[in-house]
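Student: My questions will all concern the structure given below.
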Amino acid sequence: MPALPDHERHSNVPQTLLEISNRIATFRSLDQQLIVLVDALAEALGAERGTLFLYDTVNDELYSHVAQGNINREIRLERDKGIAGYVFTSGESVLIDDPYSDPRFDASVDQATGFRTRNICCAPVRTLDGETIGVAQALNSRHGTFTQADLRLLEAISQQASITIQNTIYMQRMEDARAQEADFLNIVAGVASEINLGPLLQMIINAITTLLEADRTSLFLNDEKTQELFTHIGQGLETSTIRIPNSVGIAGTVFTSGKTVNIPHAYADLRFNPSFDKQTGYFTRSILCVPVANKEGKIIGVTQVLNKRGGPFSAEDEARLKAFTSQISMALENAKLFSDVQAMKNYNESMLESMSSAVLTFDDELKVVTCNSAGTRIMKIAEEEIVGADA
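This is the structure:
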């Protein structure tokens, strides 16, 4: 198809920008806004397909939730990969007439989708203060090739859309933060009401795993008598007590140093011990481990979270986990104390039951509180008959 003159294709740019802005503004969801935007820019430039990549600051990647045609999944690229990566990192707009002869072009998306890219018009998406937050692309001009006028129009559309996109991202982050804060308070309230150590650990582990979108969490407490870190449970494993020396491995390092460890690639870190993975068949990719301190600042344990979904753990994840552990440390100490007292009570009762002599305990008013089995047998009386009786 022969190319139309630029003045016919872009006769009223201000009107085009206004129409696109109005169409985008009718939606509150970022995904919906992006769908409208890529459709609009493809229509305005006479392209077969439009794509808009935004920068993921957490994973340091470019991603697109929507694209026209038969691509209906999320696309993720390294921030400097392909034409989009070049435009994002350089801040330069480009026209590419023959992508397959350009060394910057990444053909993997074409190969995965069956689409054939013939030409590209690509521009950075910048905020008003000049920060690049993404990249807009138009692919395969229906008029033959893209022109400089097409590129200027794409730049204008990108600049106009960036205001709405940035505001929507900000509002969604605010809403997410409020929802997370509400969830956080509900979780802390639930934790504070649980006194049994086993259920408490399970509750905390489930909460942290959900909070950080991770695969597995373990919470280790320090046993001062044995100098070991122990946990009653570990997600994905059989319920059992795991004990390790409190100075060994990443958990031990965090416990002894009191410093957070965030490892994006576990097998590239010499502190990581892969033997546990070999024993269980699990594959550890990323690790976030933070100390758990009581209100006096004493380290009483560590929380270890494995395999963040979508990439390594971020600084925001660290801050959220630290805030959470600071809130639940008192509940952990109380539950551990209750567990120790209960264990001592059970031990004393078992000792009394194993004795062949009668053993009775009395309260301040000299009334019988307990009587062991040997006592009821020797006195030939039921326990309920003697408990509460005067001495």
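If you count the sequence shown from 1, position 117 lands on 119 in the working numbering, and the numbers rise without skipping. Heads up, the beta-carbon is just placed ideally off N, CA and C, and yes, glycines get one too.
Just the Cα atoms here: how many angstroms apart are Ala321 and Asn296?
Tutor: 17 Å
Student: If you follow the alpha helix (DSSP H) that Gly87 is in, where does it begin and where does it stop?
Tutor: Gly84 to Ser92
Student: Please list the terminal residues of the continuous alpha helix (DSSP H) segment that includes Thr305.
Tutor: Per DSSP, Thr305 belongs to no alpha helix (DSSP H); it is in the beta strand (DSSP E), Ile301 to Lys310.
Student: Quick one: what's got a C-beta closer than 7 Å to Arg120's C-beta in the same chain, skipping five residues either side?
Tutor: Answer for Arg120: Asn142, listed in chain order.
Student: Rounded to whole angstroms, what's the CA-CA distance from Ala125 to Ser31? Just pull it up for me.
Tutor: 23 Å
Student: Are there 16 or more other CB atoms within 10 angstroms of the CB of Lys310, so buried, or fewer, so exposed?
Tutor: buried
Student: What would DSSP say about Glu215, mapped onto helix, strand or coil?
Tutor: The three-state secondary structure of Glu215, taken from DSSP, is coil.
Student: Distance, Cα to Cα, Ala325 vs Ala42?
Tutor: 43 Å
Student: In the DSSP assignment, the beta strand (DSSP E) including Ser66 goes from what residue to what residue?
Tutor: Glu63 to Ser66
Student: Along the chain, where does the beta strand (DSSP E) that runs through Ala138 open and close?
Tutor: Thr134 to Ser143
Student: Just list the alpha helix (DSSP H) runs in the region 228–273, keeping only unbroken ones of 4 residues or longer that don't cross its boundaries, in chain order.
Tutor: Within the region 228–273, the runs of alpha helix (DSSP H) that reach at least 4 residues and sit entirely inside it are, in chain order, 251–259.
Student: Could you name the residues that DSSP lists as bridge partners for Val111?
Tutor: Bridge pairing for Val111: absent [DSSP].
Student: Quick check: the Cα distance between Met381 and Asp366, rounded to an integer number of angstroms?
Tutor: 23 Å
Student: Pairing CB atoms from the region 222–235 with CB atoms from the region 263–276, are three or more of them under 8 Å?
Tutor: no
Student: What span of residues does the alpha helix (DSSP H) with Val38 cover, start to end?
Tutor: Leu32 to Leu47
Student: Counting only the same chain and skipping the five closest in sequence on each side, list residues whose C-beta sits under 6 Å from that of Gly84.
Tutor: Asp108
Student: In its own chain, which residues sit with a C-beta less than 7 Å from the C-beta of Gln161, not counting the 5 before and 5 after it?
Tutor: Arg128
Student: Using alpha carbons as the reference points, say which of Asp319, Asp392, Ala46 and Ala384 lies closest to Glu157.
Tutor: Nearest option by C-alpha distance: Ala46.
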